[in-house]
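Last residue of the sequence shown? That's 271 in the working numbering, and every number before it is there in order.
Glycine included, C-beta positions come from ideal geometry on N, C-alpha and C.
Report on the structure given below.
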Amino acid sequence: MEKIVTIFGGSKCGEESEEYGQAVRLGHLLAERGYTICTGGYLGVMEGASRGAREHGGRVLGIVMNQFKSEPNRYLTDKVASAHFYERLQNLIERSVGFVALRGGAGTVTELSLVWNKLQTRVIEPRPLVLLGVCWPKVIQSFREHLVVSERDVSLLDFVDTPEEAVRKITESVERVSV
């Protein structure tokens, strides 16, 4: 069975950004362990993760949108075209054994929120939802202060500071399920 990890993050994070560097490292580490990387297929964090995986012999699946005029990043090995955003989100989620979110914008928050809600409502089987980076504890704390977010909801998230920790969380979870 193919092990796919979906990576979410900002399209506006350039090569010089911390997030891009983390994404390259994350893609590299996951590819080394035999995971297929799945992203939205375009620039920023998506390109960084794709690049890290591809440069280390990994498969890189890009879920692209017919509505977008921009070209997908050059590191993809496979593309799946989606007609609209919800179909794209479904394709990013359905086959993944785990998810990692890096800092991004509204699109990243949308992706994170949909996966998180599917885990909360048990629409999908439990799997890791890893939040990589220093921004996430503050974002989730703000959700807790201003929205209805329980301790159980927060317990579905794994907060990490490094790509190495993110890969460890994903790997531990996949190995637990495989046993």
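Cβ distance (whole Å) where residue i is taken to contact residue j below 8 Å
i: Pro-255; j: Leu-118; result: 4 Å
i: Lys-171; j: Gly-154; result: 5 Å
i: Met-157; j: Arg-180; result: 5 Å
i: Ala-115; j: Ala-141; result: 4 Å
i: Ile-96; j: Val-189; result: 6 Å
i: Thr-263; j: Arg-125; result: 6 Å
Collapsed DSSP secondary structure at residue i in the structure displayed
i: Ala-173; result: strand
i: Asp-250; result: strand
i: Thr-213; result: coil
i: Val-97; result: strand
i: Leu-239; result: coil
i: Ser-188; result: strand
i: Cys-105; result: coil
i: Leu-206; result: helix
Unbroken alpha helix (DSSP H) run spanning residue i, endpoints
i: Ser-142; result: 137 to 146
Residue i vs residue j beta-carbon contact at 7 Å
i: Val-252; j: Leu-224; result: yes
i: Pro-229; j: Ser-265; result: no
i: Ala-123; j: Gly-106; result: no
i: Val-152; j: Arg-146; result: yes
i: Arg-195; j: Glu-139; result: no
i: Phe-235; j: Val-226; result: no
i: Phe-191; j: Thr-98; result: yes
i: Glu-203; j: Phe-100; result: yes
i: Lys-261; j: Val-222; result: yes
Nearest neighbour of residue i, chosen from the options [CA to CA]
i: Gly-102; options: Val-269, Thr-128, Arg-146, Gly-132; result: Gly-132
i: Lys-210; options: Leu-249, Ala-115, Asn-165; result: Leu-249
i: Leu-273; options: Val-231, Gln-182, Ala-141, Pro-218; result: The requested residue 273 does not occur in the structure, where the chain is confined to residues 93 to 271.
i: Val-215; options: Ile-262, Glu-108, Ile-185; result: Ile-185
i: Glu-243; options: Glu-217, Gln-212, Pro-218; result: Gln-212
i: Ser-247; options: Thr-263, Trp-208, Gly-113, Phe-160; result: Trp-208
i: Tyr-134; options: Gln-233, Gly-199, His-238; result: Gly-199
i: His-176; options: Thr-263, Gln-159, Leu-121; result: Gln-159
i: Arg-268; options: Pro-218, Gly-113, His-238; result: Pro-218
i: Pro-164; options: His-120, Asp-245, Cys-130, Met-93; result: Cys-130
Residue i - containing beta strand (DSSP E), residue span
i: Gly-119; result: Where Gly-119 is concerned, there is no enclosing beta strand (DSSP E), although the alpha helix (DSSP H) it sits in stretches over 110 to 124.
i: Gly-154; result: 152 to 157
i: Leu-224; result: 221 to 224
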